[in-house]
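J.:
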Amino acid sequence: MGNLMKKLKKTKMVKQFGILSLVLAMLIGVMSNGTIINAVDGNADANITFNSRIVEKVNGQDVDVSQADSGDSFFLAIYYAVSASTDASKYTECTLSITLPNDIEFDETTDISNTGFDSIEQRTSLGKNILSIKSKELAAGQSGTLYLKMHFKNMTTKNGTTAKFVDMKMTGSMVNENGSYTINPVSVPDASVTAKASQEWTVGKNVIQQADGNNYTIKSIDGKDYYSVDYKVTAAPGSNLTDLGNNYGRLNCTTFELVDTLPVAPAGREDGGAANISIKVGDKVLEEGADKDYELVLNENGTVKAIKIYYISTYESNPDDTNYVPEGAAMLTTYTINANYSKDAYRVLPNEKDDIPFILDNKVELKYLPLGENTPKYVSANAPVNVGWVDENAPTTNLDITKYVTVNGDNNIVGDNKFIFDQEKQDCYYQNTDSRIAFGLYTDEACQNAATDIDGNTVQLAIAKLLIRMVK
-10 MGNLMKKLKK TKMVKQFGIL SLVLAMLIGV MSNGTIINAV DGNADANITF NSRIVEKVNG
50 QDVDVSQADS GDSFFLAIYY AVSASTDASK YTECTLSITL PNDIEFDETT DISNTGFDSI
110 EQRTSLGKNI LSIKSKELAA GQSGTLYLKM HFKNMTTKNG TTAKFVDMKM TGSMVNENGS
170 YTINPVSVPD ASVTAKASQE WTVGKNVIQQ ADGNNYTIKS IDGKDYYSVD YKVTAAPGSN
230 LTDLGNNYGR LNCTTFELVD TLPVAPAGRE DGGAANISIK VGDKVLEEGA DKDYELVLNE
290 NGTVKAIKIY YISTYESNPD DTNYVPEGAA MLTTYTINAN YSKDAYRVLP NEKDDIPFIL
350 DNKVELKYLP LGENTPKYVS ANAPVNVGWV DENAPTTNLD ITKYVTVNGD NNIVGDNKFI
410 FDQEKQDCYY QNTDSRIAFG LYTDEACQNA ATDIDGNTVQ LAIAKLLIRM VK
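So for the sequence shown, this note's numbering puts the first residue at -10; every next one is plus one.
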C-alpha cells in the first residue's frame, strides 16, 4: 500500500512538472542567444530605441520648438539606435509608419540620405495621410536621425491648433544566426507642436490728384458736365498699406465685406450724388453685377449710395518669389474708382458764394472675421473732395411787384376805387391811426427769413412797390 502511494505521488509530480514546463514555454518562448521569441506568434522583440523631438535648424543646430507659424517649416526629428549586442546581426525590410495630424503637410523635398533609411512614401488611408519610411537593412550598433520637414497649412490652420504625432511605429524582421524573425512593432515616443496664425487687414483711401493740381476733372457725359473724381482704395492683408500678404502665419477670413460709401448730396442738391461708376485694378476693368466683381447700391433718385466690392487680388506663384502662401490667397489690392458728380447740382449764385465749397466725404470700410475668431473687425478710411462753383453769368431779371387796393363805399378816397396803395393813399386811409401796410419777400412760408437779391442784398419791406433783381 505504501509503494502504491509513492508511485501515485511520483506520477502527480511528473504531470505538474510537465504542465509547468508547457506554461513557461508559452510565456517565455524560445531563448536563442538572448533573443526572446514569442511562442504564440513567433515574433521577436527588437532591441532598438527611438526618440522624437520637434526642432528647427538654427546655424546648423537643433533647437526645440513648441510653436510654429502656419506655413513655416519645422522638423519632426526621430532618433534611433540599434543595440550593438549579439542578439541580432541586423534588421531587414524595416518600415517606420507615421500618421500625419490634420492640418499638417509633409515637405516632399525632405532628404533622408545618410540616415540608414532609403525611401519615403506618402499615401492616404481613411482620409489620413500616412508616411512609410523604409530601410532595407539596419545593422547592429547603427544609429541616426531622420529630419522630416513639415508645416501647418497656411491660411486654413486656426491659431492654437496642436498637431500630435502619435502611434508612430516601426515594423520589420530580425535576422541572426538562428534565422529570421518578424519583430513586434517598436513604438516611437509622441511629439507635438502648436500653430501660430493671425490676420489683420488695413484699408486706405485718397483722392488722386490730377495733372492740373485739382482733385477732379470736368467730364461731359451724354451732354451733361460732371465733376469726375478718381479715388485710390487700398486693401492690405497686414497692419500696413504696403503689406503684400505673401507671408507665413496668415488666416483666411470667413467674413470679408468691403464697402465704399459714396457722399450724401447736400439738402436741396440731391441730384449731386455719385453716378457713372467704374472700377479698375491695374489694367483689369471690374465688372458690375451681384455675382461679379462689384455691386451698386442706389438711392431713390438713381444716384449711387454705396459700392459693394467683391473682387480681391489673389496670389499666383512666381518663379522669382518665395511662396509663403498657397495659390488663391487674398493679397494686397489697389482699386481705382471713378465717380462723377453733377456739376449743375453744385452751382451757386454770386450771393451764395459763401456756401462753397461743398465737401463730399467718401468712406470705405472693411468688415472681416479671421478663421477661428468670433468677433468681426472693422477698419475704415475717408477721402473728402471739395466741389462747387459760382455762376457769375447767371441770367437776371427785375421782379417788379406793385400792390393795388380796391376800396368800396369810402367817400374819403378821391378817384377810382382801384389804386396803388402807396404812402399817400395809406396816409389818407389810415389818417386816424399809425398803422401802415407793408409787404416783403421771404424764403419760408412762415415769413421769418427775408430773401436776398442776386447781389446778396436783403429785400426790404415795401409800402406799395418791390423791385428785385434775381435769376431767371
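Think of the CB as a built atom: it goes at the ideal place given N, C-alpha and C, for glycine as much as any other residue.
1) Decide if Ala427 is buried, meaning its Cβ has at least 16 other Cβ atoms within 10 Å, or exposed.
2) Specify the secondary structure class of Asp53 as computed by DSSP and reduced to three states.
3) Using a threshold of 9 Å, state whether the C-beta atoms of Asp51 and Ala66 are closer than that.
4) Whole-angstrom Cβ separation of Pro174 and Met159, contact assumed at under 8 Å?
5) Does the beta-carbon distance from Gly234 to Ala184 come in below 9 Å?
6) Which residues does DSSP list as the beta-bridge partners of Leu287?
7) Would you list, in sequence order, the uninterrupted beta strand (DSSP E) runs of no fewer than 3 residues that lie entirely inside the stretch 100 to 173?
8) What are the boundary residues of the beta strand (DSSP E) that includes Pro373?
9) Can you tell me where the beta strand (DSSP E) with Glu45 in it begins and where it stops?
10) Compute the distance between the beta-carbons of Tyr216 and Lys342, then report whether it is under 9 Å.
11) So, are the CB atoms of Val222 and Ile301 less than 9 Å apart?
12) Could you check the C-alpha separation between Gln198 and Val374 for me, to the nearest Å?
13) Quick check: the Cα distance between Asp260 and Pro252, rounded to an integer number of angstroms?
14) Over what stretch of residues does the beta strand (DSSP E) that includes Leu450 continue unbroken?
15) Can you tell me whether Ile390 is buried or exposed, with buried defined as 16 or more other CB within 10 angstroms of its CB?
16) Rounded to whole angstroms, what is the Cα-Cα separation between Lys79 and Gly168?
17) Less than 7 Å between C-beta atoms, sequence neighbours within five positions excluded: which residues of the same chain meet that for Leu13?
18) Indicate whether the contact test is met: 3 or more Cβ pairs, each with one atom in the stretch 339 to 357 and one in the stretch 230 to 248, closer than 8 Å.
19) Count the other CB atoms within 10 Å of the CB of Met(-6); is the residue buried (16 or more) or exposed (fewer)?
20) Could you tell me which of Pro178, Leu135, Ile268, Ile210 sits nearest to Tyr220, measuring between CA atoms?
21) Using the rule of at least 16 other Cβ atoms within 10 Å of the residue's Cβ for burial, across every protein chain shown, is Gly18 buried or exposed?
22) Return the residue from the list Glu110, Thr104, Asp179, Val71 that minimises the CA-CA distance to Leu135.
23) Using the rule of at least 16 other Cβ atoms within 10 Å of the residue's Cβ for burial, across every protein chain shown, is Arg112 buried or exposed?
24) Ignore the nearest five residues each way along the sequence and tell me which others in Tyr431's own chain have a CB closer than 8 Å to its CB.
25) State buried or exposed for Thr292, treating a residue as buried only when at least 16 other CB atoms are found within 10 Å of its CB.
26) Is the stretch 140 to 156 close to the stretch 83 to 95, with three or more CB pairs under 8 Å?
27) What would DSSP say about Lys342, mapped onto helix, strand or coil?
28) Does the distance from the C-beta atom of Lys352 to that of Ala328 stay below 9 Å?
29) Could you tell me how far apart the beta carbons of Tyr304 and Glu289 are, in whole angstroms, since I believe they sit closer than 8 Å?
30) Mind checking who Glu277 pairs with in its DSSP beta bridge?
31) Would you mind stating whether Tyr69 and Gly133 have Cβ atoms separated by less than 9 Å?
32) Residues bridged to Pro359 by DSSP?
33) So what does DSSP say about Cys83, is it helix, strand or coil?
34) Which first and last residues belong to the beta strand (DSSP E) in which Phe95 is found?
35) Please report the distance separating the alpha-carbon of Val196 from that of Thr98.
36) Name the one or two DSSP bridge partners that Arg336 has.
T.: Based on what the coordinates show:
1) Position 438 of the sequence shown, counting from 1, holds the residue named residue 427. Classification for Ala427: exposed.
2) As a position in the sequence shown, residue 53 is number 64, starting the count at 1. The three-state secondary structure of Asp53, taken from DSSP, is strand.
3) Locating residue 51 in the sequence shown gives position 62, where the first residue counts as 1. Locating residue 66 in the sequence shown gives position 77, where the first residue counts as 1. Taking 9 Å as the Cβ cut-off, Asp51 and Ala66 qualify as a contacting pair.
4) The residue labelled residue 174 in the question sits at position 185 within the sequence shown. The residue labelled residue 159 in the question sits at position 170 within the sequence shown. Correct: roughly 7 Å between the Cβ atoms.
5) Translated into positions along the sequence shown, residue 234 becomes position 245. Translated into positions along the sequence shown, residue 184 becomes position 195. Going by C-beta atoms, Gly234 is not nearer than 9 Å to Ala184.
6) Working through the sequence shown from its first residue, we reach residue 287 at position 298. Looking at the DSSP output, Leu287 bridges to Val293.
7) For the stretch 100 to 173, whole beta strand (DSSP E) runs of length 3 or above, ordered along the chain, are 108 to 114, 117 to 128, 132 to 141, 151 to 154, 157 to 165, 168 to 171.
8) In the sequence shown, residue 373 corresponds to position 384, counting from 1. Here the beta strand (DSSP E) through Pro373 covers 366 to 376.
9) Indexing the sequence shown from 1 puts residue 45 at position 56. 37 to 47 is the span of the beta strand (DSSP E), which, as asked, contains Glu45.
10) As a first step, residue 216 is located in the sequence shown; it is residue number 227 there, counting from the start. As a first step, residue 342 is located in the sequence shown; it is residue number 353 there, counting from the start. A distance of 9 Å or more separates the beta carbons of Tyr216 and Lys342.
11) Position 233 of the sequence shown, counted from the first residue, corresponds to residue 222. Position 312 of the sequence shown, counted from the first residue, corresponds to residue 301. Between Val222 and Ile301, the C-beta spacing is not below 9 Å.
12) Residue mapping note: residue 198 aligns to position 209 of the sequence shown, counting from 1. Residue mapping note: residue 374 aligns to position 385 of the sequence shown, counting from 1. When rounded, the distance between both Cα atoms is 10 Å.
13) Taking the sequence shown and counting its residues from 1, one reaches residue 260 at position 271. Taking the sequence shown and counting its residues from 1, one reaches residue 252 at position 263. For Asp260 and Pro252, the gap between their C-alpha atoms comes out near 12 Å.
14) Taking the sequence shown and counting its residues from 1, one reaches residue 450 at position 461. Leu450 -> no beta strand (DSSP E), and no H or E assigned at all.
15) Within the sequence shown, the letter at position 401 stands for residue 390. Exposed is the call here.
16) The sequence position of residue 79 within the sequence shown is 90, counting from 1. The sequence position of residue 168 within the sequence shown is 179, counting from 1. One C-alpha to the other measures close to 11 Å.
17) The residue you call residue 13 lines up with position 24 of the sequence shown. In this predicted model, Leu13 has a pLDDT of only 40, less than 50, meaning its place in the structure is not dependable; the value taken from the coordinates is given anyway. None.
18) Here the stretch 339 to 357 makes contact with the stretch 230 to 248; the two share three or more CB pairs at distances below 8 Å.
19) By 1-based counting over the sequence shown, the position of residue -6 is 5. Interpretation of Met(-6) is limited by its pLDDT of 49, a score under 50 that renders its predicted location unreliable; the figure taken from the coordinates is listed afterwards. Only exposed fits Met(-6), as fewer than 16 other CB atoms lie within 10 angstroms of its CB.
20) On the sequence shown, position 231 is the one that residue 220 refers to. If we check each option's Cα against that of Tyr220, Ile268 comes out closest.
21) As a working mapping, residue 18 is identified with position 29 in the sequence shown. With a pLDDT of only 45 at Gly18, under 50, the local geometry of the prediction cannot be trusted, and the value read off the model is given with reservation. With 16 or more other CB atoms across the displayed protein chains lying within 10 angstroms of its CB, Gly18 is buried.
22) Residue numbering aside, residue 135 sits at position 146 when the sequence shown is read from its first letter. In terms of Cα proximity to Leu135, the closest of Glu110, Thr104, Asp179, Val71 is Thr104.
23) Counted from its first residue, the sequence shown places residue 112 at position 123. With fewer than 16 other CB atoms across the displayed protein chains lying within 10 angstroms of its CB, Arg112 is exposed.
24) Stepping through the sequence shown from its first residue, residue 431 is reached at position 442. If we look at Tyr431 and ignore the five residues flanking it on each side, its Cβ neighbours are Gln437, Asn438, Ala439, Ala440.
25) In the sequence shown, the residue the question calls residue 292 occupies position 303. The residue is buried, with at least 16 neighbouring Cβ atoms inside 10 Å.
26) Yes, the stretch 140 to 156 is in contact with the stretch 83 to 95.
27) Here residue 342 corresponds to residue number 353 of the sequence shown, with the count starting at 1. Helix at Lys342.
28) For the purposes of this step, residue 352 is identified with residue 363 of the sequence shown, where counting begins at 1. For the purposes of this step, residue 328 is identified with residue 339 of the sequence shown, where counting begins at 1. Going by C-beta atoms, Lys352 is not nearer than 9 Å to Ala328.
29) Within the sequence shown, the letter at position 315 stands for residue 304. Within the sequence shown, the letter at position 300 stands for residue 289. Not really, about 41 Å apart at Cβ, beyond 8 Å.
30) Position 288 of the sequence shown holds residue 277. Answer by DSSP bridge pairing, in chain order: Tyr283.
31) Residue numbering aside, residue 69 sits at position 80 when the sequence shown is read from its first letter. Residue numbering aside, residue 133 sits at position 144 when the sequence shown is read from its first letter. For the pair Tyr69 and Gly133, the CB atoms are nearer than the 9 Å cut-off.
32) In the sequence shown, counting from the first residue as 1, residue 359 sits at position 370. Beta-bridge pairing links Pro359 to Cys242.
33) Locating residue 83 in the sequence shown gives position 94, where the first residue counts as 1. Here Cys83 sits in strand by DSSP.
34) The residue given as residue 95 occupies position 106 in the sequence shown. 93 to 95 is the extent of the beta strand (DSSP E) around Phe95.
35) Reading the sequence shown from its first residue, position 207 is the one you call residue 196. Reading the sequence shown from its first residue, position 109 is the one you call residue 98. Just so you know, the alpha carbons of Val196 and Thr98 end up roughly 48 Å apart.
36) For the purposes of this step, residue 336 is taken as the residue at position 347 of the sequence shown. Per DSSP, Trp378.
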